[in-house]
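*Asks:*
In the working numbering, the protein residues as written are -10 to 133.
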């Protein structure tokens, strides 16, 4: 969990773009369309006024700024905040990976998310929509 949350907390406001009513989050160089409620929430975060206290010394536009100049929010703090709202990050990560793996080949998924090629191929197999194994097992089962 901390590794994935660390990547999320390190997102900058430049990763978020809008085109009309649609909001996109760019990971690596790939813009990913966001569901409207999430897009609105992240747009509000990105459009916050810059800090006026000592954190204003930061040149970076973190989407999730931390309390120290130049630092983004820590993965631990984000995890605690999500948990306080009963939002588990592990199941959401798995669901997101399976969904992406259904649409993208491992050669694209791996570099986009920083996954090892073997891991990207694993997620692709996990997301497979091929029903061949199920049908073979069904045919091999004795008739009752």
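Where is the CB? At the ideal position from N, CA and C, for every residue including glycine. The model shown is predicted, which means the values in this text are computed figures rather than measured ones.
Assuming residue 6 contacts residue 15 under a Cβ cut-off of 8 Å, what Cβ separation, rounded to an integer in Å, is found between them?
*Replies:* Rounded, the Cβ-Cβ distance is 7 Å, consistent with contact.
*Asks:* Is the beta carbon of residue 25 sitting closer than 8 Å to the one on residue 2?
*Replies:* No; because the gap between Cβ atoms is not below 8 Å, this pair is not in contact.
*Asks:* Please give me, in chain order, every unbroken run of the alpha helix (DSSP H) with length at least 4 that falls completely inside the stretch 3 to 59.
*Replies:* The stretch 3 to 59 contains these whole alpha helix (DSSP H) runs: 25 to 35.
*Asks:* Tell me the DSSP bridge mates of residue 88?
*Replies:* Answer is none; residue 88 lacks a bridge partner.
*Asks:* Are the beta-carbon atoms belonging to residue 52 and residue 0 less than 8 Å from one another?
*Replies:* It is a contact, given that the beta carbons lie within the stated cut-off.
*Asks:* Could you please give the first and the last residue of the uninterrupted alpha helix (DSSP H) stretch that includes residue 98?
*Replies:* Counting along the chain, the alpha helix (DSSP H) containing residue 98 begins and ends at 95 to 102.
*Asks:* Looking at the unbroken alpha helix (DSSP H) that takes in residue 108, where does it start and where does it end?
*Replies:* Looking at the DSSP string, the run of the alpha helix (DSSP H) that includes residue 108 is 106 to 115.
*Asks:* If I'm right that residue 90 touches residue 115 with Cβ under 8 Å, what's the distance once you round it to whole angstroms?
*Replies:* Contact holds; Cβ gap of about 7 Å.
*Asks:* Going by the beta-carbon positions, is the gap between residue 101 and residue 12 smaller than 8 Å?
*Replies:* Cβ distance not < 8 Å, so residue 101 and residue 12 don't count as in contact.
*Asks:* Which value, in whole angstroms, describes the spacing of the CA atoms of residue 17 and residue 59?
*Replies:* Their backbone Cα atoms lie some 21 Å apart in a straight line.
*Asks:* Near residue 71, which residues of its chain fall below 6 Å by C-beta distance, leaving aside the five closest residues on each side in sequence?
*Replies:* If we look at residue 71 and ignore the five residues flanking it on each side, its Cβ neighbours are 78.
*Asks:* Contact check, residue 109 vs residue -6 under 8 Å by CB: the rounded distance?
*Replies:* About 20 Å separates the two Cβ atoms, so there is no contact after all.
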